[in-house]
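One structure is given here, and the rest of the page talks about it.
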Amino acid sequence: MLNGARRLAVWGDPIDHSRSPQLHAAAYDVLDVDWIYGRRRVDESTFADELAGLDGTWRGLSLTMPLKGVAHRAAVSLDERAARTGAVNTLLLTPDGPLGFNTDVGGIVRALGEHGIASADSARIVGAGATATSALVALAELGATEVDVVARRAEAVAPLRALGDDLGVAVRHTSFTAALFAPVDVTIATLPGDAAIAPEAAAALAADGGFLLDVVYGHWPTPLSRAWDAAGGASASGLGMLLHQAILQIRIFRSGDVDHALPREDAVLSAMRSVLERPAA
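Under the UniProt record's numbering, the residues of the sequence shown are numbered 1 to 281, in order.
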């Protein structure tokens, strides 16, 4: 499919920090495909024109913030995860139009699986922004039936509560100022890396928060990961999520099927991990 289409890129704003070009280049070397993956600064106001300007040499796009919503609206079809979250981070460009996928959900599921978490009954999400929707869908796939969302504003949790109703997950709001938090199996932090959090709130969250997956990777360690360390808990940065959402994207770019494993996928993953072990450029 898409014979001759060899150009790909990650779009977003800001974009200079993205490690996707290095990750994808490492994978393409192992796969021995003659694809070119770049980056482009694109915001919501210019997205439609930029997308319309792509010719038949383009195979696909990775989308980061703030483009996941506009990419969702631009797609002519959506996979189930994209439809549920309202967020598209992958566009496969076809003659019939762009096909939209969300690989963030799968990236979270696979990243947690690497740390032995294949299921969770109860969970907590810290933050109620765009990434929280993918976190909620991922937790539902892991079997969570109760999810506590810690956010400053209760109204910010309303869309997650509605999504939870569709998923069969009871979503409740808790303030950062709560003195105690209910015990949970896993916590997913979706706050930006530079987000401030009071030390007493971080300590309370860590006290009985299970395993912490903090989606941040550029500002590590975070206040939450430090609190988990102090409490003797286990935590991981967002590098695992980044790795696994990327491998799922590459599956889509190669075959159009997120469930179709790549040739030599273990070797591809190994090459991509080596990139992440090096300091960011």
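Cβ atoms here follow ideal geometry from the backbone N, Cα and C, with glycine treated the same way.
Could you check where the beta strand (DSSP E) with residue 255 kicks off and where it finishes? Element bounds for residue 255: not the beta strand (DSSP E) but the alpha helix (DSSP H), 239-255.
In three-state terms, what does DSSP make of residue 170? strand
How is the alpha helix (DSSP H) around residue 94 delimited, first residue to last? Careful: residue 94 lies outside any alpha helix (DSSP H), inside the beta strand (DSSP E) at 90-94.
Count the other C-beta atoms from every protein chain shown that fall within 10 angstroms of the C-beta of residue 177, then say buried if there are 16 or more, exposed otherwise. exposed
Report buried or exposed for residue 215, applying the criterion of at least 16 other Cβ atoms within 10 angstroms of its Cβ. buried
List, from N- to C-terminal side, the beta strand (DSSP E) runs of 3 residues or more that fit wholly inside the region 145-233. 146-150, 170-174, 186-189, 211-214
What does DSSP give as the partner residue(s) for residue 40 in the beta ladder? 11
Please name the residue, chosen from 95, 88, 185, 45, that lies closest to residue 123 on a Cα-to-Cα basis. 185
If you draw a straight line from the alpha carbon of residue 46 to that of residue 14, how long is it in whole angstroms? 14 Å
I'd like to know whether the C-beta atoms of residue 126 and residue 82 end up nearer to each other than 7 Å. no
Apply the 10 Å Cβ neighbour rule to residue 119 and answer buried if 16 or more other Cβ atoms are within range, or exposed otherwise. exposed
Around the Cβ of residue 180, are there at least 16 other Cβ atoms within 10 angstroms (buried) or fewer (exposed)? exposed
Determine the contact status of residue 276 and residue 239, defining contact as a CB-CB distance below 7 Å. yes
If you draw a straight line from the alpha carbon of residue 107 to that of residue 200, how long is it in whole angstroms? 30 Å
Please confirm if the region 3-22 is in contact with the region 53-72, defined as three or more CB-CB distances below 8 Å between the two stretches. yes
Return the chain-ordered list of same chain residues with a C-beta closer than 8 Å to the C-beta of residue 143, the five sequence neighbours on each side being excluded. 119, 120, 121
Beta bridge counterpart(s) of residue 236 as assigned by DSSP: 213
If we require 4 or more residues per run, which alpha helix (DSSP H) segments fall completely within the region 41-123? 44-52, 68-74, 80-85, 104-114
I'd like to know whether the C-beta atoms of residue 90 and residue 134 end up nearer to each other than 7 Å. no
Using only alpha-carbon positions, find the residue among 92, 220, 227 that is nearest to residue 193. 220
Bridge partners for residue 137 per DSSP, in chain order? In the DSSP output, where bridge partners are listed per residue, residue 137 has none listed.
Give the DSSP-derived three-state secondary structure of residue 33 in the structure shown. coil
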